[in-house]
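J.: Sharing a structure, written as structure tokens. Questions coming.
Residue numbers (this note's numbering): 77 to 215.
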């Protein structure tokens with residue numbers, strides 16, 4: 077039951093991060109499912125119609141984006157989503173490898189020692205791993 081609870085929490089944490097947006101050209105692009113689909117559809121429309129650019133609405137304003145810029149945005153969003161799932165899978169694997177006692181201790185002292193030092197919640201651990209993976213992709 078503990079592992080199921082942790083995996084459920086982990087899935088919810090991933091979803092919040094996945095849909096939290098990505099920074100692109102100094103603005104934040106939304107990344108919920110409909111936003112991911114909209115970006116992909118807009119790339120397709122520009123490719124098929126020969127349109128040179130479109131006005132794209134970001135969370136904090138508008139920008140004129142060319143096909144090349146939209147493809148970069150789509151790639152950044154897809155990479156972000158993939159990283160979110162990969163980190164969820166890695167942490168879930170770590171949880172599955174833990175003994176029942178370790179899982180029980182995790183409930184009292186998430187990812188820390190018995191004295192409460194270096195305690196890291198599942199959410200903090202997840203977000204730090206995603207941050208690290210995304211930073212390494214940008215290099």
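For glycine and all other residues, C-beta sits at the position ideal for the given N, C-alpha and C.
#1: Considering only residues of the stretch 117-179, which uninterrupted alpha helix (DSSP H) runs meet the minimum length of 4 residues and lie entirely inside it, listed in chain order?
#2: When DSSP labels each residue in this structure, what does residue 191 get in the three-state scheme?
#3: Residues in its own chain within less than 8 angstroms of residue 100 by CB, not counting five upstream and five downstream?
#4: How many Å lie between residue 174 and residue 157 at the Cα?
#5: Kindly indicate which residue of 113, 105 and 170 has the alpha-carbon position closest to the one of residue 141.
#6: Pull up the CB-CB distance for residue 146 and residue 118, whole angstroms please, since I reckon it's below 8 angstroms.
#7: Using only alpha-carbon positions, find the residue among 95, 128, 79 and 86 that is nearest to residue 197.
#8: What's the gap between the Cα of residue 172 and the Cα of residue 155?
#9: Grouping DSSP H, G and I as helix and E and B as strand, with all else coil, what is residue 288?
T.: Let me spell this out:
#1: Contiguous alpha helix (DSSP H) elements confined to the stretch 117-179 occur at 143-172, taking only those with 4 or more residues.
#2: In this predicted model, residue 191 has a pLDDT of only 47, less than 50, meaning its place in the structure is not dependable; the value taken from the coordinates is given anyway. If DSSP states are grouped into helix, strand and coil, residue 191 belongs with coil.
#3: The residues 134, 148, 149 and 152, in chain order, have a CB closer than 8 angstroms to that of residue 100 in the same chain once the five nearest residues on each side in sequence are set aside.
#4: Near 26 angstroms, if we compare the C-alpha coordinates of residue 157 and residue 174.
#5: Selected option, being the one with the closest Cα: 105.
#6: Their Cβ separation, rounded to whole angstroms, is 6 angstroms, which keeps residue 146 and residue 118 in contact under 8 angstroms.
#7: Closest option to residue 197, Cα to Cα, is 86.
#8: Going from the Cα of residue 172 to the Cα of residue 155 covers about 25 angstroms.
#9: Because the chain is modelled from 77 through 215, residue 288 falls outside the range shown and cannot be assessed.
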